Amino acid sequence: MNACVLAYGQTGSGKTHTVFGPSGAIEECASTAQRAKGQEARSPSVKGLAPATNLPNSAGIVLRACDDLLACKARPGSSCDSLTLSAQYIQIYEETLTDLLSGGSVVLRDAGEYAEGGTGSSAVLQGAAHVILETLSDALALLRAGELHKRVAATAMNEASSRAHTIFLITATQRASGARTDGDALISSQLALVDLAGCEQLKQSKATGQRAREAIGINSSLLVLGKCITALSEGRRHVPFHESKLTRLLRGAFGGASRTTCVIAASPDDSHAENTVQALRFGERCSTITNSARVATVSAKQALELVDNALSTCEESMAALEAKGRVNLPAYGALKARHASLQMRRRQLGM
1 MNACVLAYGQ TGSGKTHTVF GPSGAIEECA STAQRAKGQE ARSPSVKGLA
51 PATNLPNSAG IVLRACDDLL ACKARPGSSC DSLTLSAQYI QIYEETLTDL
101 LSGGSVVLRD AGEYAEGGTG SSAVLQGAAH VILETLSDAL ALLRAGELHK
151 RVAATAMNEA SSRAHTIFLI TATQRASGAR TDGDALISSQ LALVDLAGCE
201 QLKQSKATGQ RAREAIGINS SLLVLGKCIT ALSEGRRHVP FHESKLTRLL
251 RGAFGGASRT TCVIAASPDD SHAENTVQAL RFGERCSTIT NSARVATVSA
301 KQALELVDNA LSTCEESMAA LEAKGRVNLP AYGALKARHA SLQMRRRQLG
351 M
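In this text, residue positions in the sequence shown follow UniProt numbering: the first is 1, and each later residue adds one.
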């Protein structure tokens, strides 16, 4: 079963605060991790930042989700004891996808239900690194690295306005159990935590030049998202998911096999009443969409075969470029990143 939490609203309304916490929240959690390391030296039961620790009140949804999943995994006798967790951290800036860990480019590919291990996701992020999550410190390290590559700028409405959509993807894989599954079956799910860039009116944000171009791009992608939500809520046959990278990536979250929650961030300022009403109407339309959340199960053997086939294809392409002396091409770098991602996925499936 896949899930998605989507934060939507105008710029400066509190979306990033909700998803990631206020400025300094990640560093505050990192300080807690450092103190936990000191405890680890005195107590073998503490490893890194142990799950289910008392997160600071400022922690956002991302850290709380990671903490809950790691706590389940660490609980003795838990149904999650075979759980493997990994995360990807990306942003969409002017229709370009970037891996926030490395700063490298990411290619968005449409995926079938069982592509690369059966997460049931509607898309595959080629070039986005998978980071294994063993402790909350691993998530913190990824978030801190991502801060270096995030697109943020000051406007008249928000001194730290997000200029890109930010997505934190958690992939959970575990062996299935029960009478209806065999011992070889795997259950793989994704949790997408999405901080959308805020819609903004240029008259209010006073954005000019590059900031204005960014705002136009943000508003355009949010417009496509709104068109998709309207089409789904009205039961139309055609839904324009392919008109933007954002909607291609989130296609499975709306009208697919996912449990999706939309958080509407609203400003209490009277001058923003029109934008607040528009955001609330967006949330109202989202509430009319019915998803059919279900468990995505695939055999471990089948999943490994899919990944091995993808690895072979990737290695053949790399070898062809190497034979021609074209290892400096961007295409070769993309293939290397994809190869590393596939190897990580294979290690997960080996469990």
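Glycine included, C-beta positions come from ideal geometry on N, C-alpha and C. Every value quoted in this text rests on a predicted model; they were computed, and no experiment measured them.
- Taking C-beta atoms as the reference points, residue 108 and residue 324 fail to come closer than 7 Å.
- Where residue 18 is concerned, there is no enclosing beta strand (DSSP E), although the alpha helix (DSSP H) around it starts and stops at 15-20.
- Annotation note: the stretch 182-270 contains the following uninterrupted alpha helix (DSSP H) runs of length 4 or greater, listed N- to C-terminal: 202-205, 209-233 and 245-249.
- Listed in chain order, the non-local C-beta contacts of residue 228 below 7 Å within the same chain comprise 239, 240, 241, 247 and 254, local neighbours out to five positions each way being set aside.
- Nearest to residue 15 by alpha-carbon distance, out of 196, 333 and 260, is 196.
- Excluding its 5 nearest sequence neighbours in each direction, residue 194 has C-beta neighbours in its own chain below 6 Å: 6 and 167, listed in chain order.
- Among the bridge pairs identified by DSSP, residue 4 is matched with 192 and 260.
- The criterion of a C-beta distance shorter than 7 Å is satisfied by residue 89 and residue 142.
- Taking C-beta atoms under 8 Å as the contact rule, residue 29 and residue 70 fail to qualify, at a distance of about 13 Å.
- Between residue 332 and residue 321, the C-beta spacing is below 7 Å.
- Take the alpha-carbon of residue 62 and the one of residue 19: they are about 6 Å apart.
- Rounded to the nearest whole angstrom, the CA to CA distance from residue 12 to residue 163 is 12 Å.
- A distance of 7 Å or more separates the beta carbons of residue 335 and residue 312.
- Residue pairing from DSSP places residue 105 in a beta bridge opposite 98.
- By the C-beta density criterion, residue 275 is buried, having at least 16 other C-beta atoms within 10 angstroms.
- Rounded to whole angstroms, the Cβ separation of residue 190 and residue 84 is 13 Å, and the two are not in contact under 8 Å.
- Check the Cα spacing between residue 64 and each of 258, 170, 257 and 8: the tightest is with 170.
- Between the C-alpha atoms of residue 309 and residue 172 there is a straight-line separation of about 22 Å.
- Taking the Cβ atoms as the reference, residue 139 lies roughly 27 Å from residue 185, outside the contact range of under 8 Å.
- Distance from the Cα of residue 278 is smallest, within the candidate group 249, 74, 132 and 198, for 198.
- If you look at residue 10, you'll find it isn't in any alpha helix (DSSP H); DSSP assigns it neither H nor E.
- Contact between residue 131 and residue 101 holds, since their C-beta atoms are separated by about 7 Å, short of 8 Å.
- By the 16-neighbour rule on beta-carbons within 10 angstroms, residue 26 is buried.
- Residues of the same chain with a CB within less than 7 Å of the CB of residue 149, apart from the 5 flanking positions on each side, are 98, 100 and 103 in chain order.
- Counting along the chain, no alpha helix (DSSP H) covers residue 289, and no H or E run does either.
- Out of 270, 252 and 223, the CA that lies nearest to the CA of residue 3 is found in 252.
- Setting aside the 5 residues that flank it on each side, residue 22 is surrounded in the same chain by 58, each with a C-beta closer than 6 Å to its C-beta; the list follows chain order.
- With contacts defined by Cβ atoms closer than 7 Å, residue 146 and residue 337 do not form a contacting pair.
- Per the DSSP secondary-structure output, residue 91 pairs in a beta bridge with 98 and 166.
- The three-state secondary structure of residue 320, taken from DSSP, is helix.
- Short of 6 Å from the beta carbon of residue 319, and not among the five residues preceding or following it, lies no beta carbon of its own chain.
- When the five nearest sequence neighbours on each side are left out, no beta carbon in the same chain lies closer than 6 Å to the beta carbon of residue 270.
- DSSP places residue 175 within a strand segment (E or B) once states are collapsed to three.
- Per DSSP, residue 141 is one residue of the alpha helix (DSSP H) stretching across 136-147.
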